[in-house]
Amino acid sequence: MGKILFVSSGKGGVGKSVFTANLGAVYGERGIRVALVDMNIGLRNLDIYLGLQDNVVFDAADVLNGVVPLSKALVRDRRMQNLYLLATTQRKEKFNAVESHVADLYRQLKDQFDIVIVDGPAGVNRELHLAATAVDAAVIITTPEYVSLRDADMMDQTLRARGIAKRVYVINKVNRQYMGTGALPGVEKISAVMKVPLVGVIQSDDAIHLAANRGIPIVMQRGNYIERNFEKIADRLLEVV
Ligand SMILES: Nc1ncnc2c1ncn2[C@@H]1O[C@H](COP(=O)(O)OP(=O)(O)O)[C@@H](O)[C@H]1O
Ligand SMILES: [Mg+2]
Numbered sequence: 001m002g003k004i005l006f007v008s009s010g011k012g013g014v015g016k017s018v019f020t021a022n023l024g025a026v027y028g029e030r031g032i033r034v035a036l037v038d039m040n041i042g043l044r045n046l047d048i049y050l051g052l053q054d055n056v057v058f059d060a061a062d063v064l065n066g067v068v069p070l071s072k073a074l075v076r077d078r079r080m081q082n083l084y085l086l087a088t089t090q091r092k093e094k095f096n097a098v099e100s101h102v103a104d105l106y107r108q109l110k111d112q113f114d115i116v117i118v119d120g121p122a123g124v125n126r127e128l129h130l131a132a133t134a135v136d137a138a139v140i141i142t143t144p145e146y147v148s149l150r151d152a153d154m155m156d157q158t159l160r161a162r163g164i165a166k167r168v169y170v171i172n173k174v175n176r177q178y179m180g181t182g183a184l185p186g187v188e189k190i191s192a193v194m195k196v197p198l199v200g201v202i203q204s205d206d207a208i209h210l211a212a213n214r215g216i217p218i219v220m221q222r223g224n225y226i227e228r229n230f231e232k233i234a235d236r237l238l239e240v241v
């Protein structure tokens, strides 16, 4: 039986989807059976970051609505045969499932995969509560900005209230130039606000951004410092879930 890791943030645009794609690729490279689930209902993104947009025919809503079985909606990555994507619908009105339906979908995924990484939506709303149903652990992404940090802390409290006990966070888009200048909150300040363990710090790097937009998670370009960093984060997250 696999585990579900929920990727969340408070604020949008902090890098949840890029993080999900790269983490999935790291596990996939290790031969772990991994499913990436886009739960940004109505706002599908993850397929593009994985370069799989032309392969998506059915989505999570089709499975939940009984249109197709899960096996028909899962898209296998072209590069790694144990990495799969379950896309979300671009039509929000198609997604009328309730929490128990999502929990059932997650159970099916856990039966087939070692790890299921759910790319969650920004904000605290109905979509968030649906996506965070029956997950085993959560990783909250923040950037080193006060607005993002406050929202990450808010999300952490929301997930705690939902009963998700295993929660950790990652700081993404760290810019060396501002480290220690006091212009932006540093690791110490962020750690003082966040009440859960830090599992990694990822630099802001155009290479991450450019690779994602070409549909190639940067960790697939082997041997760079970003890949080594993701490897460490992936190890720590396996200990958490
Ligand atoms: N570490 C990083 N360095 C540079 N750009 C990044 C990094 N992480 C994410 N991005 C970029 O930030 C933007 C938002 O990322 P995305 O993963 O879509 O955010 P979210 O899913 O949280 O809304 C994208 O343009 C992405 O390429
Ligand atoms: Mg996203």
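Each residue of the sequence shown is one higher than the last, beginning at 1 in this note's numbering.
Beta carbons are placed, not taken as given, at the ideal position from N, Cα and C, and that holds for glycine.
Since residue 203 is in the beta strand (DSSP E), which residue starts that stretch and which ends it? Numbered from its first residue, the sequence shown carries residue 203 at position 203. For residue 203, the enclosing beta strand (DSSP E) starts and ends at 198-203.
Where the beta strand (DSSP E) containing residue 56 begins and where it ends: One-based indexing of the sequence shown puts residue 56 at position 56. Premise fails: residue 56 is in no beta strand (DSSP E) and is neither H nor E.
Are there any heavy atoms of ligand 2 lying less than 7 Å away from the beta-carbon of residue 40, as far as the coordinates show? Working through the sequence shown from its first residue, we reach residue 40 at position 40. Answer for residue 40: yes, Cβ within range of ligand 2.
Nearest-angstrom Cα distance between residue 37 and residue 84? The residue labelled residue 37 in the question sits at position 37 within the sequence shown. The residue labelled residue 84 in the question sits at position 84 within the sequence shown. Going by the C-alpha atoms only, they are around 9 Å apart.
Report the residue ranges of all beta strand (DSSP E) runs contained in full by the segment 158-227; include only those spanning at least 3 residues, in chain order. With a minimum length of 3 residues, the continuous beta strand (DSSP E) runs that stay inside the segment 158-227 are 167-174 and 198-203.
So is the beta-carbon of residue 208 under 7 Å away from any non-hydrogen atom of ligand 1? Along the sequence shown, read from residue 1 onward, the residue named residue 208 stands at position 208. Here the distance from the Cβ of residue 208 to the nearest heavy atom of ligand 1 is below 7 Å.
Let's test the definition: count the other Cβ atoms within 10 Å of the Cβ of residue 181 and tell me whether it reaches 16, buried, or not, exposed. By one-based count along the sequence shown, residue 181 stands at place 181. Burial check for residue 181: the Cβ neighbour count within 10 Å stays below 16, so the residue is exposed.
Euclidean distance between Cα positions of residue 73 and residue 202: Counted from its first residue, the sequence shown places residue 73 at position 73. Counted from its first residue, the sequence shown places residue 202 at position 202. Between residue 73 and residue 202, the C-alpha separation is close to 32 Å.
In chain order, what are the residue ranges of uninterrupted beta strand (DSSP E) at least 3 long that sit wholly in the segment 68-98? Fully enclosed beta strand (DSSP E) runs of 3 or longer: 83-86.
On the premise that residue 90 lies in contact with residue 42, defined as a C-beta separation below 8 Å, what is that separation, rounded to the nearest angstrom? Translated into the one-based positions of the sequence shown, residue 42 becomes position 42. Translated into the one-based positions of the sequence shown, residue 90 becomes position 90. About 6 Å separates the beta carbons of residue 42 and residue 90, which is inside the 8 Å limit, making them a contact pair.
Which value, in whole angstroms, describes the spacing of the CA atoms of residue 122 and residue 223? Residue mapping note: residue 122 aligns to position 122 of the sequence shown, counting from 1. Residue mapping note: residue 223 aligns to position 223 of the sequence shown, counting from 1. Roughly 31 Å between the two C-alpha positions.
Per DSSP, what are the beta-bridge partners of residue 119 in this structure? Position 119 of the sequence shown, counted from the first residue, corresponds to residue 119. According to DSSP, which records beta bridges pairwise, residue 119 is partnered with 7 and 38.
Supposed contact pair residue 144 and residue 184 - C-beta distance, whole angstroms, cut 8 Å: One-based indexing of the sequence shown puts residue 184 at position 184. One-based indexing of the sequence shown puts residue 144 at position 144. 5 Å between Cβ atoms; contact.
Nearest-angstrom Cα separation, counted from residue 188 out to residue 130: Within the sequence shown, numbered from 1, the residue matching residue 130 stands at position 130. Within the sequence shown, numbered from 1, the residue matching residue 188 stands at position 188. When rounded, the distance between both Cα atoms is 33 Å.
Please name the residue, chosen from 112, 97 and 206, that lies closest to residue 175 on a Cα-to-Cα basis. As a position in the sequence shown, residue 175 is number 175, starting the count at 1. It is 206 whose Cα lies nearest to the Cα of residue 175.
Closer than 7 Å by C-beta to residue 193: which residues in its own chain qualify, once you throw out the five before and the five after it? Chain order, please. Here residue 193 is taken as the residue at index 193 of the sequence shown, counted from 1. Excluding its 5 nearest sequence neighbours in each direction, residue 193 has C-beta neighbours in its own chain below 7 Å: 149 and 153, listed in chain order.
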